[in-house]
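Student: So the protein lines, in turn, are chains A and B. Numbering (the working numbering) for the first sequence: 1332 to 1566. Numbering (the working numbering) for the second sequence: 5 to 264. Beta carbons: idealized from backbone N, C-alpha and C, even for Gly.
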Amino acid sequence: MVTIQNLHKKFGKNQVLKGVDLNIIEGGIFAVLGPNGSGKTTLIKSVLGMVIPNKGNIEVLGNNIKKNSDYRHKIDYLPQIANFPSNLKVKELIKMIKDLRKNTNEDKRLIELFKLEPFLDKKLGNLSGGTKQKVNIVLTFMFDSPLIILDEPTTGLDPISLIRLKDLIQAEKAKGKTILITSHIMSFVEEVSDEIVFILEGKIYFKGTIQDLKTKTKQPDFEHAIASILTDNHA
Amino acid sequence: MLKILKYSFYDLMRSRWSYVYFAFYLLLGVVLLFLNNDLSKAVITLMNVIIVLVPLIGTIFGVMYYYNSREFTELLLAQPLKRSSIFLGQYLGVALSLSMSLILGLGIPFVFYGLFESSAIWDFSLLLITGTFLTLIFTALAFNIALSNENKIKGFGYAILLWLFLAIIYDGIFLMTLIMFEDYPLDKLSLVGTMLNPIDLSRTLILLKLDISALLGYTGAVFKQFFGTNFGLIVSFVVLIIWVMLPVWRISAKSKKKDF
Chain A
1332 MVTIQNLHKK FGKNQVLKGV DLNIIEGGIF AVLGPNGSGK TTLIKSVLGM
1382 VIPNKGNIEV LGNNIKKNSD YRHKIDYLPQ IANFPSNLKV KELIKMIKDL
1432 RKNTNEDKRL IELFKLEPFL DKKLGNLSGG TKQKVNIVLT FMFDSPLIIL
1482 DEPTTGLDPI SLIRLKDLIQ AEKAKGKTIL ITSHIMSFVE EVSDEIVFIL
1532 EGKIYFKGTI QDLKTKTKQP DFEHAIASIL TDNHA
Chain B
5 MLKILKYSFY DLMRSRWSYV YFAFYLLLGV VLLFLNNDLS KAVITLMNVI
55 IVLVPLIGTI FGVMYYYNSR EFTELLLAQP LKRSSIFLGQ YLGVALSLSM
105 SLILGLGIPF VFYGLFESSA IWDFSLLLIT GTFLTLIFTA LAFNIALSNE
155 NKIKGFGYAI LLWLFLAIIY DGIFLMTLIM FEDYPLDKLS LVGTMLNPID
205 LSRTLILLKL DISALLGYTG AVFKQFFGTN FGLIVSFVVL IIWVMLPVWR
255 ISAKSKKKDF
């Protein structure tokens, strides 16, 4: 699905990714974890082509992503902070994204699911953080793409929306899609993900199931397993 | 690219500033015609305003739009769109909406005053054409500056400096060199010097079209010989087109290498 080879990225003097090798197979939910500033978002943005790597190779569904933007038709991306043009209405934004990508009717179901009808005629600048995130989720899930990338999807969501989001993620997984998630909420990660990828200081430190991680760190629960990696490495 | 252009254009048409800019030119046109009572004279006064103001507005608007639409840009970057079409679409959206404000704002009062029956129509058209060129050039330069500077304050600073340099300082330096080397034949040099600055080039083009080159003395005669001919006119437009192409090319090249 996604193959990353020897990925390097430097921002000025700050070397963020130092040779990442990662192979994500088709189907399942993968969580990308790591401390703040470990390069999670940079890694995801490299896959999306928003960050241009200094070195290395990325393939998505067998296509090298260099100098090619068509592969993004096959990716649904939920950005970390929902930054939208503030003078657009929710309705107009959804229409615009559909116009830019392709037409779909899935948005109606999602709007209903997240109870967004009362906000459709409001401007995005006037929405609360949580509502913006719901709009963000609708925009991401309304296209039926084989690869879904979610960067901190839980930000600002109330408990009921969080449950709906989890259901939505499971439903997409059941369709055989590949889902990449980054999150700092460990309970969320533990609940939804099949496999985790742990990034530390710009390299893949661990890749495997949560059970493997617990065995490796000799910790009884997931949260402590992560904490023990961090303390052992002074991060 | 056309879709991006459409959305940027709508976005700007909706913002207050396009109307303020449009209203300003409308007012300027009406007031000038009212005070001058003569189309040709109004064209000359307008030229002096346009030559300085259009580049300034183009620069400021270009930088402002780029920084303000960062969110929009990031949203677009995650879609299956080419980078160059995102940025060129936005650039054209800004440049075309500014040009439209200029052309409509000035055009409407002049048309009502009886532009089509007047002999000043060609001078006026040239004024609008150079105005449009200046908008295209300076918006492109502004996008270049904004793309190269993450820091807004720095970006604005460089943009203003660029305008100041081309609109005012360049002339000063140019004049100083002419005075320093006054013992040498300078007509070729001053011709080249004029060509290298789009503001000077536009000004000279219009002045010579207005047939007031006699005011410029001997140099005026040399200029008239060059710019007054079809060859000169074509060369000038080619130079203006190059002035648009180079920054636009850099927008597309720079945007391909940038991280977001």
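Rounded to the nearest angstrom, what separates residue 243 of chain B and residue 166 of chain B at their Cα positions?
Tutor: Using only the alpha carbons, I get a separation of about 19 Å.
Student: For my contact list, residue 1371 of chain A and residue 1363 of chain A are in at a C-beta cut-off of 8 Å; report their separation, rounded to the angstrom.
Tutor: Indeed they touch by this definition, with Cβ atoms about 5 Å apart.
Student: Any beta carbon of chain B sitting closer than 8 Å to that of residue 1339 of chain A?
Tutor: Judged by the 8 Å Cβ criterion, residue 1339 of chain A is not in contact with chain B.
Student: Specify whether the stretch 105–121 of chain B and the stretch 27–44 of chain B touch according to this definition: at least 3 beta carbon pairs, one from each stretch, less than 8 Å apart.
Tutor: Yes: at least three Cβ pairs fall under 8 Å.
Student: Less than 6 Å between C-beta atoms, sequence neighbours within five positions excluded: which residues of the same chain meet that for residue 1388 of chain A?
Tutor: The answer, listed in chain order, is 1336.
Student: For residue 1515 of chain A, report the span of its beta strand (DSSP E) as first-last.
Tutor: From DSSP, residue 1515 of chain A is part of no beta strand (DSSP E); its letter is neither H nor E.
Student: Which whole-angstrom value is the C-beta distance of residue 67 of chain B and residue 178 of chain B, which I expect to be below 8 Å?
Tutor: Contact doesn't hold; Cβ gap of about 26 Å is too wide.
Student: Suppose you measure from the CA of residue 117 of chain B to the CA of residue 1444 of chain A; what does that come to, to the nearest Å?
Tutor: C-alpha separation (whole angstroms): 59 Å.
Student: What runs of the alpha helix (DSSP H), each 4 residues or longer, lie entirely inside the stretch 1451–1530 of chain A?
Tutor: For the stretch 1451–1530 of chain A, whole alpha helix (DSSP H) runs of length 4 or above, ordered along the chain, are 1460–1472, 1490–1505, 1517–1523.
Student: Can you pull the DSSP bridge partners for residue 1348 of chain A?
Tutor: Answer is A:1340.
Student: For residue 1534 of chain A, report the span of its beta strand (DSSP E) as first-last.
Tutor: Where residue 1534 of chain A is concerned, the enclosing beta strand (DSSP E) stretches over 1534–1539.
Student: Where residue 1365 of chain A and residue 55 of chain B are concerned, what is the direct C-alpha to C-alpha distance, given to the nearest angstrom?
Tutor: Distance between the alpha carbons of residue 1365 of chain A and residue 55 of chain B is about 55 Å.
Student: Enumerated in chain order, which unbroken segments of the beta strand (DSSP E) with a length of 3 residues or greater are wholly contained in the stretch 1370–1405 of chain A?
Tutor: Counting only runs of 3 or more, we get 1386–1391.
Student: Residues of chain B with CB under 8 Å from residue 1408 of chain A, in chain order?
Tutor: Correct list: 82.
Student: Helix, strand or coil for residue 233 of chain B per DSSP?
Tutor: Coil, per DSSP.
Student: For residue 1381 of chain A, return the contacting residues in chain B, with the cut-off set at a CB-CB distance below 8 Å.
Tutor: In chain order: 78, 81, 82, 263, 264.
Student: Under 8 Å between C-beta atoms, does residue 1430 of chain A make it to chain B?
Tutor: Yes, its Cβ sits closer than 8 Å to a Cβ of chain B.
Student: Just the Cα atoms here: how many angstroms apart are residue 1548 of chain A and residue 1518 of chain A?
Tutor: Those two C-alpha atoms are separated by around 18 Å.
Student: I'd like the list of long-range same chain contacts for residue 1384 of chain A, defined as Cβ closer than 7 Å, with 5 residues on each side in sequence excluded.
Tutor: Excluding sequence neighbours, residue 1384 of chain A sits near 1338, 1339, 1340, 1377.
Student: Is residue 49 of chain B helix, strand or coil when you go by DSSP?
Tutor: Helix.
Student: Should residue 189 of chain B go down as buried or exposed, given a rule of 16 or more other Cβ atoms within 10 Å for buried?
Tutor: Classification of residue 189 of chain B: exposed, given that the 10 Å Cβ count is below 16.
Student: Relative to the C-alpha of residue 152 of chain B, which candidate in B:259, B:52, B:126 has its C-alpha closest?
Tutor: Of the listed residues, the one whose Cα sits closest to residue 152 of chain B is B:259.
Student: Along chain B, in chain order, which residues have C-beta atoms closer than 8 Å to that of residue 1427 of chain A?
Tutor: Per Cβ cutoff of 8 Å: 11.
Student: Would you check if the distance between the CB atom of residue 1375 of chain A and the CB atom of residue 1480 of chain A is smaller than 8 Å?
Tutor: Yes, these two residues count as a Cβ contact at 8 Å.
Student: Please compile the residues from chain B whose C-beta is within a distance smaller than 9 Å of the C-beta of residue 1418 of chain A.
Tutor: Simply 15, 18, 19.
Student: Rounding to the nearest angstrom, what Cα-Cα distance links residue 200 of chain B and residue 245 of chain B in this structure?
Tutor: The alpha-carbon atoms of residue 200 of chain B and residue 245 of chain B are separated by roughly 12 Å.
Student: Starting from residue 1359 of chain A, trace the beta strand (DSSP E) both ways and give me its first and last residue.
Tutor: Where residue 1359 of chain A is concerned, the enclosing beta strand (DSSP E) stretches over 1359–1364.
Student: Can a CB atom of chain D be found closer than 8 Å to the CB of residue 152 of chain B?
Tutor: The structure shown contains no chain D; the protein chains it does contain are A and B.
Student: Can you pull the chain B residues whose beta carbon is under 9 Å from the beta carbon of residue 1415 of chain A, in chain order?
Tutor: Those within 9 Å of residue 1415 of chain A in chain B are 75, 76, 79.
Student: Hey, would you say residue 208 of chain B sits closer than 8 Å to residue 227 of chain B, going by beta carbons?
Tutor: Their beta carbons are under 8 Å apart, which means residue 208 of chain B touches residue 227 of chain B by this criterion.
Student: Going by the beta-carbon positions, is the gap between residue 1544 of chain A and residue 1527 of chain A smaller than 8 Å?
Tutor: Closer than 8 Å, so yes.
Student: Just tell me which of A:1536, A:1552, A:1425, A:1332 has its CA closest to the CA of residue 1564 of chain A.
Tutor: Considering only alpha carbons, the answer is A:1536.
Student: Identify the contact partners of residue 1400 of chain A in chain B, using a Cβ-Cβ distance below 7 Å as the criterion.
Tutor: The contacting residues are 84, 85, 86.
Student: Can you tell me whether DSSP reads residue 1334 of chain A as helix, strand or coil?
Tutor: Strand.
Student: Given residue 204 of chain B, which residues of its chain have a CB within under 6 Å of its CB, disregarding the five upstream and five downstream residues?
Tutor: Result list for residue 204 of chain B: 198, in chain order.
Student: So is residue 1288 of chain A buried or exposed if we call it buried at 16+ other beta carbons inside 10 Å?
Tutor: Past the boundaries of the shown model lies residue 1288 of chain A; chain A is included only from 1332 to 1566, so the question cannot be answered.
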